[in-house]
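Engineer: There's a structure below that I have some questions on.
There are 2 protein chains.
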Amino acid sequence: MIDTKQKILDAAERIFADQGYGAVSLRQIIADAEVNLAAIHYHFGSKQELLDAVIMRRAGPVNRERLARLDRLEARPGAQPAVEQVLEAFLMPMAEVAENHPGFPKLMGRMQAEGILTEVIARNFQPMLGRFIGAMRKAVPDLPDSDFRWRVHFGQGCIAHAMSTELPPPPGAGDISGFPGRIQRLIAFLSGAFRAPAAVVRKGVVSKSVARKPAKKLGKGK
Amino acid sequence: MIDTKQKILDAAERIFADQGYGAVSLRQIIADAEVNLAAIHYHFGSKQELLDAVIMRRAGPVNRERLARLDRLEARPGAQPAVEQVLEAFLMPMAEVAENHPGFPKLMGRMQAEGILTEVIARNFQPMLGRFIGAMRKAVPDLPDSDFRWRVHFGQGCIAHAMSTELPPPPGAGDISGFPGRIQRLIAFLSGAFRAPAAVVRKGVVSKSVARKPAKKLGKGK
DNA sequence: GTCTATACTGAGATAGAC
DNA sequence: GTCTATCTCAGTATAGAC
């Protein structure tokens with residue numbers, strides 16, 4: 001069939017999002033897509049390249065929308081975009097795709113967390129990320145540079161995890177806000193984090209109470 | 223040899239920390255440890271159980287130190303522990319093990335990010351985590367419950383990522399602070415995040431500009 | 001009790017028939 | 001473009017040497 005590629009991409013997106021990358025076999029995907037195993041290698045080349053294709057299919061529109069929002073923010077006369085606004089421009093497009101393709105943010109988060117995003121993907125995202133990091137830098141101008149770079153780094157991990165995993169079940173009633181609500185809470189969280197005063201890095205604050213203890217032996221028992 | 227188990231644990235800790243779980247083969251580990259393949263299954267049972275053993279070997283001392291620090295904080299008459307102090311009690315013991323066993327925090331972060339921490343591990347950490355979450359709850363009493371739960375969730379991802387990965391190379395001079403400095407910046411970051419005002423969750427803020435666009439096709443070219 | 005040798009099943013990848 | 005057969009290497013299981 002002509003839409004063999006589509007069927008593979010759809011199945012792969014769903015299954016990778018649900019189970020990660022390493023844990024998924026191509027044989028699972030072909031069973032779900034109802035195609036032959038070799039079709040994946042014919043159309044995509046390898047498991048890794050299949051993942052790249054799955055991501056790139058949606059990344060284009062999302063990243064364009066991100067940049068469009070940032071353009072609009074920066075075009076306003078006079079005002080520097082605030083931390084919240086930059087984060088919103090970055091994150092809201094994900095909430096938008098999530099409406100039609102709920103697997104995609106989950107997938108992106110999981111793959112970032114698993115650390116298997118390819119050079120190909122990184123290169124594709126880098127110009128967009130560069131602009132957002134620049135905008136964030138201007139939004140917190142008083143933060144020392146090394147603190148800022150660490151915060152970007154921390155924020156990435158935070159976003160990846162927020163995208164990929166649900167909140168564990170609440171003790172009382174459910175959480176009704178869904179994905180956009182999650183994004184808005186994430187924006188509040190990260191805004192506070194970026195606005196926090198810089199860390200005072202002291203030396204020699206690490207005691208040795210743990211480091212000195214001998215490792216506890218742990219066997220399988222018998 | 224009698225220390226076959228030790229050699230396996232040491233090699234596994236190093237290699238899992240460097241390359242993750244899924245990407246590592248047991249044959250890599252046995253080559254590094256200079257033992258036979260079946261020795262792993264004899265001593266540990268499976269790859270997953272080997273990982274559990276690697277983690278549990280260090281988790282005991284670290285988690286005991288965490289709780290000891292929290293005890294000390296809560297024993298002070300009158301004062302509620304502040305956000306920073308709770309985070310410090312939780313994170314500093316990791317900086318301590320990192321001095322002698324730099325692979326361990328990296329490993330913990332990676333495994334958490336890969337989402338392969340076992341029920342066994344979760345059960346072992348849960349009492350300690352429960353006490354810390356309780357202490358954090360008291361440190362931000364005005365935050366609505368749903369916001370608080372999300373923030374704990376976001377914070378976990380943030381911590382996992384901060385533990386597992388270095389900051390990408392800086393543009394100018396290097397960052398000299400090392401692991402404890404990283405932890406202190408992380409504490410500042412998370413403190414700001416937890417202290418931030420609660421999110422105002424609005425409905426219907428998601429436009430459809432991305433969701434409506436047809437997916438861009440992306441093939442391998444021919 | 002410990003460890004070695006070896007075989008089994010399922011993974012990703014590839015060549016070649018159609 | 002598609003499918004079958006096959007290759008290599010992964011994790012796992014087990015029989016038996018010491």
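Just so you know, the sequences run in chain order C and G.
Residue numbers for the first sequence follow the numbering used here, so the first one is 1 and each next one is one higher.
Residue numbers for the second sequence follow the numbering used here, so the first one is 223 and each next one is one higher.
Ideal Cβ placement from N, Cα and C applies to all residues, glycine included.
All values reported here derive from a predicted model rather than from experimental measurement.
To the nearest angstrom, how far is it from the Cα of Gly244 (chain G) to the Cα of Ala23 (chain C)?
Structural biologist: Straight-line Cα distance between these residues: approximately 8 Å.
Engineer: For chain G, find out if any of its Cβ atoms is closer than 9 Å to the Cβ of Gly78 (chain C); answer yes or no.
Structural biologist: Not an interface residue.
Engineer: Of the choices C:Phe125, C:Pro144, C:Ala38 and C:Val97, whose alpha-carbon is the least far from that of Asp52 (chain C)?
Structural biologist: When only C-alpha atoms are compared, the closest one is C:Phe125.
Engineer: Does the stretch 153-164 of chain C come into contact with the stretch 374-394 of chain G, if we say contact requires no fewer than three beta-carbon pairs (one atom in each stretch) closer than 8 Å?
Structural biologist: Output reads yes: the stretch 374-394 of chain G touches the stretch 153-164 of chain C.
Engineer: Between the stretch 369-382 of chain G and chain C, which residues of the former have CB atoms less than 7 Å from a CB of the latter, in chain order?
Structural biologist: Against chain C - using a Cβ distance shorter than 7 Å - the residues of the stretch 369-382 of chain G are Asp369, Arg371, Trp372, Arg373, His375, Phe376, Gln378, Gly379, Cys380 and Ala382.
Engineer: What three-state label does DSSP hand Glu166 (chain C) in the structure shown?
Structural biologist: Correct three-state label for Glu166 (chain C): coil.
Engineer: Taking buried to mean at least 16 other C-beta atoms within 10 Å of its own C-beta, is Gly403 (chain G) buried or exposed?
Structural biologist: By the neighbour-count rule (16 or more Cβ atoms within 10 Å), Gly403 (chain G) is buried.
Engineer: Given that a residue counts as buried once 16 or more other Cβ atoms are within 10 Å of its Cβ, and exposed if not, what is Gly78 (chain C)?
Structural biologist: When all chains shown are included, Gly78 (chain C) counts as exposed.
Engineer: May I have the straight-line CA-CA distance separating Arg291 (chain G) from Leu313 (chain G), to the nearest angstrom?
Structural biologist: Using only the alpha carbons, I get a separation of about 10 Å.
Engineer: Select from C:Phe16, C:Pro144 and C:Thr4 the residue whose C-alpha is nearest the C-alpha of Ala113 (chain C).
Structural biologist: The residue with the shortest Cα to Cα distance from Ala113 (chain C) is C:Phe16.
Engineer: Whole angstroms is fine: what's the gap from Gln228 (chain G)'s alpha carbon to Ile116 (chain C)'s?
Structural biologist: For Gln228 (chain G) and Ile116 (chain C), the distance between alpha carbons rounds to 30 Å.
Engineer: Applying a beta-carbon distance threshold of less than 7 Å, which residues of chain G neighbour Val210 (chain C)?
Structural biologist: Within 7 Å Cβ-Cβ: Pro283, Val284, Glu287, Pro315, Glu318 and Val319.
Engineer: Indicate whether Arg131 (chain C) and Leu67 (chain C) have their beta-carbon atoms separated by less than 9 Å.
Structural biologist: Their beta carbons are under 9 Å apart, which means Arg131 (chain C) touches Leu67 (chain C) by this criterion.
Engineer: What do you get for Lys425 (chain G), buried or exposed, if any count of 16 or more other CB atoms within 10 angstroms of its CB means buried?
Structural biologist: Exposed is the call here.
Engineer: Would you mind sorting Leu272 (chain G) into buried or exposed? The rule is 16 or more other CB atoms within 10 Å of its CB.
Structural biologist: When all chains shown are included, Leu272 (chain G) counts as buried.
Engineer: With DSSP as the reference, label His41 (chain C) as helix, strand or coil.
Structural biologist: If DSSP states are grouped into helix, strand and coil, His41 (chain C) belongs with the helices.
Engineer: Taking the alpha carbon of Gly331 (chain G) as the reference point, which residue from G:Glu235, G:Leu231 and G:Ile230 has its own alpha carbon closest?
Structural biologist: Out of G:Glu235, G:Leu231 and G:Ile230, G:Glu235 has the C-alpha closest to the C-alpha of Gly331 (chain G).
Engineer: What is the DSSP secondary structure of Lys203 (chain C), reduced to helix, strand or coil?
Structural biologist: Lys203 (chain C): coil per DSSP, three-state reduction.
Engineer: Tell me the rounded alpha-carbon separation between Arg345 (chain G) and Arg76 (chain C).
Structural biologist: When rounded, the distance between both Cα atoms is 52 Å.
Engineer: Exposed or buried, which one is Arg72 (chain C) when buried takes at least 16 other CB atoms within 10 Å?
Structural biologist: The residue in question, Arg72 (chain C), is exposed, as its Cβ has fewer than 16 Cβ neighbours within 10 Å.
Engineer: Got a sec: is the Cβ-Cβ distance from Arg202 (chain C) to anything in chain G below 9 Å?
Structural biologist: It does; some Cβ of chain G falls within 9 Å.
Engineer: If you draw a straight line from the C-alpha of Glu321 (chain G) to the C-alpha of Ile405 (chain G), how long is it?
Structural biologist: The alpha-carbon atoms of Glu321 (chain G) and Ile405 (chain G) are separated by roughly 13 Å.
Engineer: What's the C-alpha gap between Ala233 (chain G) and Asn285 (chain G)?
Structural biologist: In a straight line, the C-alpha of Ala233 (chain G) is about 23 Å away from that of Asn285 (chain G).
Engineer: Compare the Cα-Cα distances from Arg279 (chain G) to each of G:His323, G:Arg371 and G:Pro392 and report the closest residue.
Structural biologist: Of the listed residues, the one whose Cα sits closest to Arg279 (chain G) is G:His323.
Engineer: Counting contacts by CB-CB distance shorter than 9 Å, is Asp293 (chain G) in contact with chain C?
Structural biologist: Taking Cβ atoms only, chain C never reaches closer than 9 Å to Asp293 (chain G), which makes this a no.
Engineer: How is Ala404 (chain G) classed by DSSP in three states: helix, strand or coil?
Structural biologist: According to the sequence displayed, residue 404 (chain G) carries Arg and not Ala. DSSP places Arg404 (chain G) in helix when its eight states are reduced to three.
Engineer: Report yes or no: is there a C-beta of chain C within less than 9 Å of the C-beta of Thr387 (chain G)?
Structural biologist: Yes, because at least one Cβ of chain C sits closer than 9 Å to the Cβ of Thr387 (chain G).
Engineer: Please say whether Leu87 (chain C) and Met136 (chain C) have beta carbons closer to each other than 9 Å?
Structural biologist: Yes, the pair counts as a contact, with Cβ atoms nearer than the cut-off.
Engineer: State the DSSP-derived secondary structure class of Asp274 (chain G), mapped to helix, strand or coil.
Structural biologist: In the structure shown, Asp274 (chain G) sits in a helix (DSSP, three-state: H, G or I).
Engineer: Classify Pro327 (chain G): buried if its beta carbon has 16 or more other beta carbons within 10 angstroms, exposed otherwise.
Structural biologist: So Pro327 (chain G) ends up on the buried side.
Engineer: Mind listing the chain C neighbours of Ile411 (chain G)? Cutoff is C-beta to C-beta under 7 Å, in chain order.
Structural biologist: Note on identity: in this sequence residue 411 (chain G) is Phe, with Ile being the wrong assignment. Those within 7 Å of Phe411 (chain G) in chain C are Arg151, Phe154, Ala193 and Ala196.
Engineer: Under 8 Å between beta-carbons, which chain G residues line up against Glu13 (chain C)? List them in chain order, please.
Structural biologist: Correct list: empty, because the minimum Cβ distance to chain G is about 10 Å.
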